[in-house]
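The block underneath contains the structure these notes are about, expressed in structure tokens.
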């Protein structure tokens with residue numbers, strides 16, 4: 001395997017010409033999983049962490065420019081600062097991104113994972129892509145031949161984890177525009193659990209009204225988890241343009257969304273009916289939220305509808321320790337009743353503890369792998385090791401015959417067989 005760490009944009013683009021199939025790595029939160037758990041092999045990896053242009057994040061006249069190597073933690077921190085400086089109407093999409101990032105993986109992952117990696121991985125359940133598509137974001141694409149700008153819409157995603165970038169191109173950054181005065185924006189996500197979990201279905205939704213009216217001027221509805229790629233509900237978007245924002249329009253949207261987001265029985269991911277109901281429920285919530293934003297009449301919506309968008313809060317986590325207090329007269333060396341700390345606790349808590357898996361491999365080191373019987377209960381007539389020993393890298397096989405003493409282990413009574421000999425129990 002070859003690993004490159006270019007320090008300039010020019011060197012990166014040259015490397016992509018030399019190694020067009022090379023994978024770009026920043027946080028290694030996706031590639032690392034594929035290599036370790038999915039048996040993927042990537043001969044060439046290029047780390048883009050130290051390229052200045054890809055680490056830029058700045059306010060522009062039209063919105064925010066975020067370099068592809070910017071971490072999600074940096075992005076969230078920057079947007080929070082911008083929200084405090086800019087009028088509320090300009091930062092509605094930023095608020096949705098920050099809210100989504102709060103539930104995106106864990107802090108450690110967000111500290112190293114990048115916005116560019118999340119986009120080009122093209123996961124159909126990416127939490128950011130639906131928001132960026134609904135926001136009307138665009139991408140800067142770089143190559144040795146120059147730069148081009150493309151829209152981040154469903155035409156960018158060609159298929160499952162396939163994108164509209166040439167093999168010699170890299171993502172330079174993403175432009176996220178400010179929202180307009182009559183524009184409203186929300187994001188939605190449903191997972192198995194609230195925090196640190198991948199989405200079942202997610203969505204980004206934006207609606208812009210004609211000035212001083214509730215007539216829809218522009219609307220973008222983007223969904224993840226409803227197809228092999230993140231998709232836009234194009235028919236629904238077309239049908240809703242020019243319509244008045246009311247319950248009649250909402251009912252029409254629900255009908256057309258079913259056509260935009262079909263899930264046949266046996267569709268990848270399963271839970272077809274549930275996923276469709278989530279997508280429809282997200283639009284229902286979007287309708288309620290926007291209706292509340294644009295109407296001064298608190299009675300314009302039924303109360304039981306409003307409960308659908310009420311925020312769920314959880315009580316702060318609190319731990320309790322119970323231990324026995326010993327008499328002051330008890331000898332300091334007498335441990336009875338004392339809450340004794342495990343000797344290695346401090347090292348484990350600070351990360352200083354060194355485990356076997358942390359030790360570097362040494363030359364000539366061998367690794368053991370357990371080989372299990374294919375039958376749960378059987379008599380052993382013979383064991384033929386010839387095929388196993390012919391595998392490249394296999395040094396030897398350890399069996400019951402190699403145990404010089406007792407072929408068993410125990411806690412109290414020595415009754416657990418170590419290596420199966422005559423019978424598999």
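In the UniProt record's numbering, the protein residues as written are 1 to 425. Even glycine gets a Cβ: it sits at the ideal position worked out from N, Cα and C.
Query	Result
8 Å Cβ cutoff met for residue 264 and residue 236	no
Straight-line Cα distance separating residue 360 from residue 238	59 Å
Alpha-carbon spacing of residue 421 relative to residue 364, whole angstroms	29 Å
Element boundaries [beta strand (DSSP E), containing residue 126]	Premise fails: residue 126 is in no beta strand (DSSP E) and is neither H nor E.
CA-to-CA distance, residue 22 to residue 2, given in whole angstroms	9 Å
Whole beta strand (DSSP E) elements within the stretch 154-184, 3-residue minimum	157-159 and 170-177
7 Å CB neighbourhood of residue 55 in its chain, flanking five on each side removed	67, 69 and 70
Pick from 175, 34, 214 and 19 that is closest to residue 129, judged by C-alpha positions	175
Alpha-carbon spacing of residue 123 relative to residue 229, whole angstroms	7 Å
7 Å CB neighbourhood of residue 5 in its chain, flanking five on each side removed	47 and 50
Collapsed DSSP secondary structure at residue 150 in the structure displayed	strand
DSSP beta-bridge partners of residue 408	417
Inter-residue CB distance, residue 190 and residue 201 (contact presumed, cutoff 8 Å)	6 Å
Three-state class that DSSP yields for residue 282 in the structure shown	helix
Limits of the unbroken alpha helix (DSSP H) element including residue 11	9-18
Start and end residues, alpha helix (DSSP H) containing residue 78	72-85
CA nearest to the CA of residue 42, picked from 24, 53 and 117	24
Bounding residues of the alpha helix (DSSP H) (the contiguous stretch that carries residue 260)	247-260
Three-way DSSP call (helix, strand, coil) for residue 93 in this model	helix
CB contact flag (residue 283, residue 253, <8 Å)	yes
Limits of the beta strand (DSSP E) - the one that residue 205 falls within	199-209
Extent of the continuous beta strand (DSSP E) to which residue 322 belongs	Where residue 322 is concerned, there is no enclosing beta strand (DSSP E), given that its DSSP letter is neither H nor E.
Check whether residue 134 and residue 185 have beta carbons under 8 Å apart	yes
Which of helix, strand or coil DSSP assigns to residue 274	helix
Residue 3: first and last residue of the uninterrupted beta strand (DSSP E) it sits in	2-4
Euclidean distance between Cα positions of residue 92 and residue 346	44 Å
The stretch 311-326 contacting the stretch 335-345, beta-carbon criterion three pairs below 8 Å	yes
First and last residue of the uninterrupted beta strand (DSSP E) at residue 219	216-224
Cβ shell of residue 178 (< 6 Å), same chain only, five flanking positions each side left out	63 and 90
CB contact flag (residue 288, residue 214, <8 Å)	no
Which of helix, strand or coil DSSP assigns to residue 394	coil
Residue closest to residue 99, alpha-carbon to alpha-carbon, out of 19, 195 and 270	195
Sequence-distant residues of the same chain with beta carbon closer than 7 Å to residue 17, five excluded per side	144 and 168
C-beta contact flag for residue 231 and residue 12 at 8 Å	no
Residue 378 - DSSP class collapsed to helix/strand/coil	strand
Beta bridge counterpart(s) of residue 244 as assigned by DSSP	215
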